[in-house]
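Positions 366 to 698 (the numbering used here) are the ones given, in order, by the sequence shown. For each residue, glycine too, the CB sits at the ideal point set by N, CA and C.
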Amino acid sequence: MKTITLTQFLIEEQRAKGEIKPDLRLLLEVVARACKRISIAVGKGALGGVLGDAGTSNIQDEAQKKLDVLSNEILLQANAWGGHLAGLASEEMDEPSAIPDEYPKGGYLLLFDPLDGSSNIDVNVSVGTIFSVLRCPEGVSGSEEKAFLQPGTTQVAAGYAVYGPSTMLILTVGSGVHAFTLDREQGSFVLTERDMMIPEDTKEIAINASNERHWEAPVQRYVKECFEGKEGVRGKDFNMRWVASMVADVHRIVTRGGVFMYPLDAKTVKQGGKLRLMYEANPMSFIIEQAGGVASTGRERIMDMQPHKLHQRVPVIMGSKNEVEKVVSYHAS
Ligand code: AHM
Ligand code: MG
366 MKTITLTQFL IEEQRAKGEI KPDLRLLLEV VARACKRISI AVGKGALGGV
416 LGDAGTSNIQ DEAQKKLDVL SNEILLQANA WGGHLAGLAS EEMDEPSAIP
466 DEYPKGGYLL LFDPLDGSSN IDVNVSVGTI FSVLRCPEGV SGSEEKAFLQ
516 PGTTQVAAGY AVYGPSTMLI LTVGSGVHAF TLDREQGSFV LTERDMMIPE
566 DTKEIAINAS NERHWEAPVQ RYVKECFEGK EGVRGKDFNM RWVASMVADV
616 HRIVTRGGVF MYPLDAKTVK QGGKLRLMYE ANPMSFIIEQ AGGVASTGRE
666 RIMDMQPHKL HQRVPVIMGS KNEVEKVVSY HAS
């Protein structure tokens with residue numbers, strides 16, 4: 366098989382479609398390099414002394430793991446000097462981070478969840494990095510929150526790295542979704558699947574079912590009907606999977622179909638949902654839509670939402686087209 370590395374893929378895409386200019390290519394390569402470093406740190410586990418709590422908490426009052434803090438540092442350091450960014454924002458930082466004065470600034474904004482699913486770190490279950498790339502609006506500094514408050518439809522690129530049995534990078538620049546697998550011996554990401562497509566139908570749902578009593582009626586109805594299986598109105602058996610790492614659950618769905626739901630519930634209604642719009646829901650929605658799926662809050666397309674704050678939360682229902690549309694139709698009725 367002919368090996369196509371991430372660099373070669375990005376250059377060839379630019380030649381063919383003109384979408385990946387050198388500064389965007391640099392950005393994506395730098396993010397990929399940072400993900401390699403995070404993959405190495407995650408892979409060392411207890412041997413690297415990186416497991417356990419950092420003893421600090423983030424703006425959402427969640428206890429930070431040592432690897433949350435380390436992954437954030439790796440992404441910040443990697444992206445500081447290249448001259449491609451105007452600013453960065455992260456789940457683990459209260460405010461956007463400016464590019465240090467000694468380095469030139471570029472036209473892009475990078476948002477990330479440095480280590481998603483971090484409750485899984487200490488039990489050796491897959492975690493990941495999620496990222497979203499925006500353009501910095503004219504006349505606004507990339508260290509200001511307002512620069513980042515753009516709907517998901519304006520994303521230039523998005524992706525995630527999943528640190529599982531193998532490390533993979535899944536990427537879109539708005540023309541399909543492509544998968545790269547880390548060749549650990551060579552140290553490079555190699556293209557392993559082009560144009561991933563999510564099947565429109567599925568028999569697999571992903572939801573934290575312990576919240577059932579807190580969900581809204583449309584989600585309760587949908588999940589109940591799935592669980593009734595062959596004997597119920599759906600007339601087929603459904604399977605359920607919940608890793609509690611959005612990256613791992615979404616990766617399964619991008620690979621073989623399914624529906625991922627972290628819907629609005631009575632516990633999170635005040636804050637608008639559990640997952641974060643800017644660096645979790647939007648980039649994952651971009652990937653899902655580019656792979657032929659649908660991503661909704663139940664009431665509107667996630668990527669159409671006009672954000673009003675950086676750490677905004679949002680209900681998330683995404684994955685196989687026909688199933689997500691069914692959940693949305695239950696909300697409408
Ligand atoms: P994190 O970014 O702090 O890790 O939180 C987000 C994670 C998602 O990866 C996952 O889908 C969800 O939280 C799991 O939540 P729960 O523990 O309520 O099932
Ligand atoms: Mg997360």
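For my contact list, residue i and residue j are in at a C-beta cut-off of 8 angstroms; report their separation, rounded to the angstrom.
| i | j | result |
| --- | --- | --- |
| A613 | G482 | 6 angstroms |
| G358 | Q671 | Residue 358 falls outside the range modelled here, since the chain spans only 366 to 698, and no answer is possible. |
| T537 | Q655 | 4 angstroms |
| A697 | M683 | Not quite, the Cβ-Cβ distance comes to about 17 angstroms (not below 8 angstroms), so this is no contact. |
| G622 | P564 | 4 angstroms |
| S685 | V624 | 6 angstroms |
Please state whether DSSP places residue i in a helix, a strand or coil.
| i | result |
| --- | --- |
| A399 | helix |
| K601 | coil |
| V492 | strand |
| A656 | coil |
| Y644 | helix |
| P465 | coil |
| T519 | helix |
| K595 | helix |
| Y538 | A quick correction: the sequence has Val, not Tyr, at residue 538. Here V538 sits in coil by DSSP. |
| S661 | strand |
| A428 | strand |
| M561 | coil |
| A631 | coil |
I need the straight-line Cα distance from residue i to residue j, nearest angstrom please.
| i | j | result |
| --- | --- | --- |
| G408 | P479 | 15 angstroms |
| E665 | Y468 | 40 angstroms |
| P583 | K470 | 47 angstroms |
| D560 | M458 | 33 angstroms |
| L499 | G600 | 43 angstroms |
| F496 | E596 | 42 angstroms |
| A574 | A609 | 11 angstroms |
| E569 | W446 | 43 angstroms |
| E690 | R641 | 22 angstroms |
| L450 | E384 | 17 angstroms |
| M562 | G539 | 14 angstroms |
| V415 | G594 | 43 angstroms |
| A512 | V598 | 47 angstroms |
| K635 | W580 | 13 angstroms |
| G472 | C501 | 6 angstroms |
For the alpha helix (DSSP H) holding residue i, just list the boundary residues, first then last.
| i | result |
| --- | --- |
| I618 | 611–621 |
| I570 | No alpha helix (DSSP H) holds I570; the beta strand (DSSP E) holding it covers 569–572. |
| E510 | 510–513 |
| V689 | 686–697 |
At a Cβ threshold of 8 angstroms, is residue i touching chain B?
| i | result |
| --- | --- |
| A574 | You won't find chain B in this structure, because it holds only one protein chain. |
When we look at the beta-carbon of residue i and count the other beta-carbons within 10 Å, is it buried (16 or more) or exposed?
| i | result |
| --- | --- |
| N489 | exposed |
| G517 | buried |
| H616 | buried |
| K431 | buried |
| E427 | exposed |
| S455 | buried |
| R390 | buried |
| P361 | This structure cannot speak to residue 361, because the chain is shown only from 366 to 698. |
| I652 | buried |
| H673 | exposed |
| I424 | exposed |
| N437 | buried |
| K382 | exposed |
| L371 | buried |
Along the chain, where does the beta strand (DSSP E) containing residue i start, and where does it finish?
| i | result |
| --- | --- |
| Q379 | That residue, Q379, is in no beta strand (DSSP E); its alpha helix (DSSP H) goes 371–382. |
| A526 | 522–528 |
| H543 | 543–548 |
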